[in-house]
Amino acid sequence: MALPLRYHWRNLLVRRTTSALTILVVTAVVGTLTWILGFFLALQASLSVAGDPHKLLIIQRGTTSETNSAISPEEFNRLAQLAGVALSTESGEPLISPELYWQTQLPRLRDGGKTRANVALRGVTMRAFEVHRNIRLLGECFSVGEPQVIVGRAAATQFAGLSVGDVIRIGVGESREFRVVGHFDAGGGPMESEIWMYLPAMQSAYLRNGYSSAAVRLNNPASASAAIEQVRSAPIELSAEREADYWQSQTSNVRFYQAVCFVLVAIMSLAAAFALANTMYASVAGRAREIAMLRTIGYRPFQILLGFVLESVLLSLVGGALGCIACAAYLELVGSTKDMFGSSTFTTMAFDIRLTPLLVGWSLASVAAIGVIGALPPAWRAAQTHVLTALREP
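Sequence positions in the sequence shown follow numbering that gives the first Met the number 0 and run 0 to 393.
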């Protein structure tokens, strides 16, 4: 028979101080781990939304992003000859969207406007809404020829002055005023951190007559490789890649942050395992005669080992639950939307961190595993206790 659960719970309550300190360490580890996992799950979700297999992004050959790319109108017109391009259901023309990419600095909301960050501006025509089918308008769209903008939902929650009716100053020397007339949703993708406006109005504001990129919608994702090769071999200084590949390259700096964060989590996890092991070693040392009595009344070494592991897992789960609660409180206090600086675009991309049941379950399972690892050495020692030797101890 197994040891009763209340027996283990009582032993943890008897050693309140040690148990509380151990729970505190586990809470810190799980809270940090949950936040980091939430951040990177949000990042992956955002990039997966941006990975439409039907879309190609075309930029100037030799450049790494839309920021430093330039496409002339003549080069853009040649793209109409690409094979496999989808046609508009309204006009019958190829679904190729000319786009101008720029950036402006806006104050962050999270610190009351004390710091500013680069926000992406994208000049588009109405064809962009047929190419980028994940874009959903929340309110009005900008009018053709008018100094108006629509703002991505994530950008509107991160930066000041982007509510409907607000006016922002952009263009050369910030000499032009544009009014925010609506917001849009991009399914959580990177474009949700951008500000969109009518392409000719943006070209006029920044004294540009060309484009930064072209977004192409294909009939079939299987034709992507052929279209990329056609652009590469054409007598134009352009290159094409799948949209998913492009956005992955723009967040290459995440891998470094990810490595650093997970090293820190590994160190903290080891600290939690050592704290649990220390607690259980102290418990074994202080309960030698009790363990001997358990052996005397018929409990087997394996049952005693499982009992100590269970105590450690109980400590871990209590700390894990508190860690998840602390993470949820932190996100509620400071906001769940975070931004990250793109390594090539030099603009911020926002992500919405959500404490999902799957994330909570993964965190609790991880900390339970840490509890088992930390408990095994002292539990093994307890199971191997010699009955007569233990009974002689004071």
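Glycine is no exception: its CB is placed at the ideal position from the N, C-alpha and C atoms. Here the structure is a predicted model, which is why all the values come from computation and not from measurement.
Residues in the same chain with beta-carbon distance under 7 Å from residue i, minus the five sequence neighbours each way, listed in chain order, please.
i	result
threonine 26	Gly318, Leu321, Gly322 and Ala325
glycine 187	Ala44, Ser45, Val48 and Asp351
Based on Cα-Cα distance, which residue from the options lies nearest to residue i?
i	options	result
alanine 276	Glu92, Ala239 and Gly373	Gly373
serine 311	Ala154, Ala281 and Val118	Ala281
serine 238	Ser68, Met190 and Gly164	Ser68
tyrosine 100	Glu74, Phe350, Glu73 and Ile57	Ile57
alanine 204	Ala349, Ser224 and Glu176	Glu176
leucine 120	Val179, Leu86, Glu89 and Gly360	Val179
aspartate 244	Val171, Ile167, Lys54 and Ser211	Lys54
proline 426	Ser71, Gly306 and Leu42	Because the chain spans 0 through 393 in this model, residue 426 falls outside it and cannot be assessed.
asparagine 76	Glu193, Leu105, Ile235 and Gly187	Ile235
aspartate 110	Gly334, Arg152, Gly170 and Pro146	Gly334
arginine 168	Leu86, Val118 and Thr347	Val118
glutamate 242	Gly50, Val171 and Ala19	Gly50
glutamine 157	Met201, Glu193 and Arg380	Glu193
leucine 206	Met190, Leu108 and Glu173	Glu173
phenylalanine 301	Gln247, Leu137, Leu269 and Arg380	Arg380
glutamine 147	Gly164, Leu136, Arg132 and Ser90	Gly164
Below 8 Å CB to CB, which residues in the same chain sit around residue i once its five sequence neighbours on both sides are set aside?
i	result
valine 308	Gly370, Val371, Ala374, Leu375 and Ala378
leucine 81	Pro93, Ile95, Val215, Ala226, Gln229 and Val230
leucine 36	Leu358, Trp361 and Ser362
alanine 368	none
alanine 274	Leu20, Thr21, Val24, Val25 and Gly373
leucine 314	Leu11, Ser18, Thr21, Ile22, Val25, Leu275, Thr278 and Gly370
isoleucine 134	Ala127, Phe128, Phe183, Asp184, Ala185 and Met190
On the three-state DSSP scale, how would you describe residue i?
i	result
histidine 182	strand
methionine 348	strand
isoleucine 169	strand
valine 163	coil
leucine 86	strand
glycine 50	coil
isoleucine 134	coil
glycine 209	coil
serine 343	Because serine 343 carries a pLDDT of 49, less than 50, the predicted location of this residue cannot be relied on, and no value is offered for it.
arginine 175	strand
glycine 322	helix
So if DSSP puts residue i in a beta bridge, which residue, or which two residues, is it bridged to?
i	result
glutamate 193	Ala119
alanine 233	Bridge partners of alanine 233: none, in fact.
glutamate 240	Leu56
glutamine 104	Asn117
alanine 214	Leu56 and Ser96
glycine 151	Phe183
phenylalanine 158	Arg107
Using a Cβ-Cβ cutoff of less than 6 Å, which residues in the same chain neighbour residue i once the five nearest sequence positions on both sides are dropped?
i	result
serine 343	In this prediction, serine 343 has a pLDDT of 49, which is less than 50 and means its spatial position is unreliable; nothing more can be read from the coordinates.
arginine 14	none
alanine 155	Leu161 and His182
threonine 278	Thr17 and Thr21
Practice task
Tell me, please, whether the segment 30-45 touches the segment 261-269 by the rule of three or more beta-carbon pairs shorter than 8 Å.
Solution key: yes
Exercise for the section: Would you check if the segment 128-138 and the segment 348-368 touch, i.e. whether three or more CB-CB distances between them fall below 8 Å? Expected result: no
Handout entry: Stretch pair the segment 191-210 + the segment 135-147: three plus CB contacts closer than 8 Å
Key = yes
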